[in-house]
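Notes follow the structure.
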Amino acid sequence: MFSNRFPKSFMPTPAVKPAISLPRPSITSWLAGPAIVGAVLTMLIVPLSPLAISLMFAVNIAAGLVILAAAIYVTEASDLLSFPSILLATTLMRLGLNVATARAILLNGYTGPGAAGSVVESFGRLVVGGNYVIGIIIFCILIVINFVVITKGSSRVAEVSARFMLDSLPGRQMAIDADVNAGTLSAKEAERRRGQLRAEADFFGAMDGASKFVRGDVVAAMVILVVNLVGGLLVGMLQHGLPLAVAAQSYTLLTIGDGVAAQIPSLTISIAAGLIVTRVSNGQNISNQIVGQISNHPEAMLVAGALLLILGLVPGMAHLPFLGFGAILGATGLRGVQRKRRAQEAETAEPAPAAADQKPAAVDVSSVQTVDPFGLDIGFALVPLIGEQAPGKPTLMTRLTAIRTRFSKQIGFVLPNIHIRDSEQVRPQEYRFVIRGGVIGRGEVFPGQMLAIETDNIIDRISGGRPAKEPVFGTDALWIGEAMVADAETAGYTVVDPSSVIATHLDAMLKRHAWEMLGRGEVEEIVGHYARSHPKLIEDLRARYQMGMVRQVLSGLVAEMVPIRDFERIAEAMVDAPEAATRDPEMLLAAVRQRISRLLIAPYLGEGQVLQVLALDPEFEGIVIKSIETARAQNSSAISEPGIMRMLRAAAASGKELAASRGVKPVLAVPGSCRRAIARVIADSFAVIALEEIPDNQPTTVLGVIRPPEEAAQ
1 MFSNRFPKSF
11 MPTPAVKPAI
21 SLPRPSITSW
31 LAGPAIVGAV
41 LTMLIVPLSP
51 LAISLMFAVN
61 IAAGLVILAA
71 AIYVTEASDL
81 LSFPSILLAT
91 TLMRLGLNVA
101 TARAILLNGY
111 TGPGAAGSVV
121 ESFGRLVVGG
131 NYVIGIIIFC
141 ILIVINFVVI
151 TKGSSRVAEV
161 SARFMLDSLP
171 GRQMAIDADV
181 NAGTLSAKEA
191 ERRRGQLRAE
201 ADFFGAMDGA
211 SKFVRGDVVA
221 AMVILVVNLV
231 GGLLVGMLQH
241 GLPLAVAAQS
251 YTLLTIGDGV
261 AAQIPSLTIS
271 IAAGLIVTRV
281 SNGQNISNQI
291 VGQISNHPEA
301 MLVAGALLLI
311 LGLVPGMAHL
321 PFLGFGAILG
331 ATGLRGVQRK
341 RRAQEAETAE
351 PAPAAADQKP
361 AAVDVSSVQT
371 VDPFGLDIGF
381 ALVPLIGEQA
391 PGKPTLMTRL
401 TAIRTRFSKQ
411 IGFVLPNIHI
421 RDSEQVRPQE
431 YRFVIRGGVI
441 GRGEVFPGQM
451 LAIETDNIID
461 RISGGRPAKE
471 PVFGTDALWI
481 GEAMVADAET
491 AGYTVVDPSS
501 VIATHLDAML
511 KRHAWEMLGR
521 GEVEEIVGHY
531 ARSHPKLIED
541 LRARYQMGMV
551 RQVLSGLVAE
561 MVPIRDFERI
571 AEAMVDAPEA
581 ATRDPEMLLA
591 AVRQRISRLL
601 IAPYLGEGQV
611 LQVLALDPEF
621 EGIVIKSIET
631 ARAQNSSAIS
641 EPGIMRMLRA
651 AAASGKELAA
661 SRGVKPVLAV
671 PGSCRRAIAR
681 VIADSFAVIA
691 LEEIPDNQPT
701 TVLGVIRPPE
711 EAAQ
C-alpha cells in the first residue's frame, strides 16, 4: 500500500526522550504504594486521634500543593505519566480521611470544636467567621467551583484528547516505521518513540477515566457534609443531651472545617489536572508559555492599560486601583512596543554602503563560482524551511543530510554535499534538484500547509484543499491546512509536511541519478582506500585498467542500484576478466555482475531463500533479441526502435502488477546477451538479471511469463 512506502517524516529526532523515566529503585519507592493503601484502610477502619487526623490533613494539603506545582512546571503531559494514578491515590486518601473525620465528629463532637483535631478546628473558625450560614454557603461555592467548572471541563478535554490521540496513533506509528526504513532513526530510538506513543495514549485514556474520581470525590464531600450536620445534631441532642444551639454550633464548625480542609487539596489537584490536559507542548512549562507569548504582544497590554485608565477616570469609580494598574500596564506595553520596533528595524536595516574610495577586490580563479556537483534550488517562500523549526522538528537541511548519509552507506561511495540555494529562476513555492547545472527533478510545496496523500485505505474523501500530485509516485493529493490534519488522518490519508515531501523526492532522485555523481575523484577515493588493505589487488587493477574503465563499471552497477560496497570482489572480477572484456565495458560489467551474483539477488529472495522471477514470452523475447542484434550491427548497444521500447514497457507494467498480486518484488530474468539493453528500457519498473547471474544451486521458481498486451503489440 502507498501509505507504507511513503515516509511521513525524515526526522532524525535529535532529542528523543524515553517514554518512561525509571529511577533507581529505593526503599522509599518500594514502600510508598503499600504505605498509601495501608493508611487508607487504617482511616476507614480504625478510629484516629485528633492529632493523627491533623497530621493526615497536613500531609493531604502538602501533597496537593506539590502536585499543583509539578503540573505547572512540567514541559509535556507525558512528563507526568503517573498523574492518573496520583488522582486515584489522593482521592482515596481524602475519602479515607473524610470517613475518619466523620467518625471523630460523630463520636466526640459533643466535647467541642477540637474533637477532630486542630486543623479542622482552625479551618472551621476561619471560614465560618462567627456566622455558620455564611460558612455553609462558602463551602458550597467551593464545591460548585470544583465540580461544575474545573473538574467538568478537565474531563471533557481529557475525553477529546484521548479520542484524537487514539485516532492519530496508527499514522504516527507509520511515521516512525518510515523513519527507520529511511535510515534517519535507529532501532533503539524508534523503540523509545513507540514506547512514548503508547505511554501518551495510555495517559490520555487513563486521564479520561481518572477525572471521574475527582467528580465522585466532590459528590461524596457533599453527602458527608449533610451526614455530619444531620447526624451530629441527632447524636449531640439525643445521646449527649446538648441544647440545639450548642449542638448546631459545635457540629457545624466541625463539619465546615472538615469539608474545607478536604476541599483545598481536592481543588488544587483538580486545577493540576486541568493544567495537564489543556497544555500545548512546545518544550516550555506553562509559566514560560504564558509570560513569553503574552510578552510577544505588547500592544495588548498597552490597550488594556488605556482602558483601565479611562475606567479609573469615571466619576464614582475606585480611582486608585484602576489608575495604578492602568499606568503599570501602559508603561510595560509601551516599553514592549518600542523594543519590538527596534528589533524589526534592526532586521530590515540595509547594510552600510562601501566606501567610495574602497578598491574592488582582486578576482582570481578561486573566487569564480564553479558548478555544484549536486544542488537544490528553492523559491524564496521555501527559505523558512531551512531555518529554525519548532522544538523537536528538524530543518530541511537536517533531513536532506540524513538521507545523503544513509544512501552513501547503502550504495558504497560518498555522495557530494547538497548545496541549497535561494534561486530567482524558480517560482516562490517551487524547488528543483540540479546535477552539475542540469535539472533532474522539480516540485512544488506550500509552507504552513500539509500534503494529504491518497492511500488504499481511504475511508472518506475530505473536501477543500488544493489539488496536487505527490512528486515521486504521482499519486493524487491535497494541500490542506494544519486544522484539517486530524480529519485527513482519520479518513485514511497519509499526511506529511513540506520538508518530508522534498526529502522523499530527494531519495527517489538519488536512486535514479546517483551514478552521475560517481566521478573520477570518488573512484580514486575508493581505490585509494582499498590500496591500504589490499595493495597487491589494487596494483594489479591499476596495471590492467585505467581509472576511466573502472568508473564505467562502477557507474553501470550504481545505475541499477547495485551496491559497490564490496569493491574487493568487484576488483577481483575485473582483474580475472578475460582479455576480450578488458576493452569492452559491457562485457566487463557482465563479468563483474556474474562474480557478485549473490549480492545482486539477495534483495529479491523470498521465503525459504527462493528466488521468484518473471520471464519474457519466447516469441516476444526473440523479437527483442533481433532488435538488439540489429542495433549492434549499427554500433549501438541500446534498443532504438520505438515500437519495441513501447512493447517492453507495456509488458513490464503487466509483470509489475502480477508480482504485486503475489506479494514479491518484480525480477525479470533474461539471457545475458540482451540484459543490459532491456534494463535500460525498464529499469524503473524491474530489476533485470541475466540467467547466467543466477547461481547453479540457487532455488528458483518462474512466477510467470509476460508479454505485451495486444493493443501495445499492434
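Just so we're aligned: the sequence shown equals residues 1 to 714 in full-length UniProt numbering.
Beta carbons: idealized from backbone N, C-alpha and C, even for Gly.
Every value quoted in this text rests on a predicted model; they were computed, and no experiment measured them.
Looking at residue i: is its Cβ nearer than 9 angstroms to the Cβ of residue j?
i: residue 462; j: residue 487; result: yes
i: residue 51; j: residue 117; result: yes
i: residue 443; j: residue 505; result: yes
i: residue 601; j: residue 692; result: no
i: residue 114; j: residue 43; result: no
i: residue 257; j: residue 120; result: yes
i: residue 450; j: residue 479; result: yes
i: residue 453; j: residue 420; result: no
i: residue 236; j: residue 246; result: yes
i: residue 702; j: residue 615; result: yes
i: residue 667; j: residue 675; result: no
i: residue 416; j: residue 547; result: no
i: residue 621; j: residue 670; result: yes
i: residue 471; j: residue 426; result: no
i: residue 619; j: residue 707; result: yes
i: residue 253; j: residue 135; result: yes
i: residue 655; j: residue 704; result: yes
So what does residue i bridge to, in DSSP terms?
i: residue 434; result: 375 and 439
i: residue 494; result: 453
i: residue 614; result: 668 and 704
i: residue 328; result: None; residue 328 has no bridge partner.
i: residue 419; result: 375
i: residue 687; result: 667
i: residue 480; result: 450
i: residue 444; result: 430
i: residue 469; result: 476
i: residue 605; result: 611
Since residue i and residue j are thought to touch, with beta carbons under 8 angstroms apart, how far apart are those beta carbons, to the nearest angstrom?
i: residue 255; j: residue 225; result: 6 angstroms
i: residue 262; j: residue 68; result: Between residue 68 and residue 262 the Cβ distance is about 16 angstroms, and since that is not below 8 angstroms, they are no contact.
i: residue 371; j: residue 436; result: 5 angstroms
i: residue 503; j: residue 403; result: 6 angstroms
i: residue 138; j: residue 93; result: At roughly 23 angstroms, the Cβ-Cβ gap does not stay under 8 angstroms, so residue 138 and residue 93 are not in contact.
i: residue 468; j: residue 477; result: 5 angstroms
i: residue 333; j: residue 305; result: 6 angstroms
i: residue 87; j: residue 199; result: Not really, about 17 angstroms apart at Cβ, beyond 8 angstroms.
Only counting the same chain, and skipping five residues up and downstream in sequence, which positions put a Cβ closer than 8 angstroms to that of residue i?
i: residue 564; result: 411, 412, 413, 526, 554, 557, 558 and 570
i: residue 639; result: 624, 627, 628, 631, 645, 648, 677, 678, 680 and 681
i: residue 337; result: 298, 299 and 302
i: residue 636; result: none
i: residue 309; result: 322, 323, 326, 327 and 330
i: residue 460; result: 491 and 492
i: residue 633; result: none
Looking only at its own chain, which residues have a Cβ that is under 6 angstroms from the Cβ of residue i, when we skip the five neighbours before and after it?
i: residue 699; result: 610
i: residue 64; result: 265, 268 and 269
i: residue 22; result: Because residue 22 carries a pLDDT of 45, less than 50, the predicted location of this residue cannot be relied on, and the following value inherits that uncertainty. So no residue of the chain qualifies.
i: residue 228; result: 102, 105 and 255
i: residue 585; result: 552
i: residue 748; result: Here the chain has residues from 1 to 714 only, and residue 748 is not among them.
Take residue i and list the residues in its own chain whose beta-carbon comes closer than 7 angstroms to its own, dropping the five residues that flank it on each side.
i: residue 594; result: 692 and 693
i: residue 605; result: 611
i: residue 350; result: Confidence at residue 350 is low in this model, with a pLDDT of 48, below 50, so the placement of that residue should be treated as unreliable; the coordinate-derived value is given next. Within the same chain, residue 350 has no close Cβ partners at all.
i: residue 99; result: 43 and 44
i: residue 242; result: 110 and 236
i: residue 259; result: 139, 221 and 225
i: residue 408; result: 414 and 415
i: residue 511; result: 561
Does the beta carbon of residue i come closer than 9 angstroms to any beta carbon on chain D?
i: residue 40; result: Absent from the structure: chain D. Only one protein chain is present.
Worksheet item: Residue ranges of each alpha helix (DSSP H) run of no fewer than 4 residues wholly in the segment 499-578, ordered along the chain?
Response: 520-533, 535-544, 547-559 and 567-576
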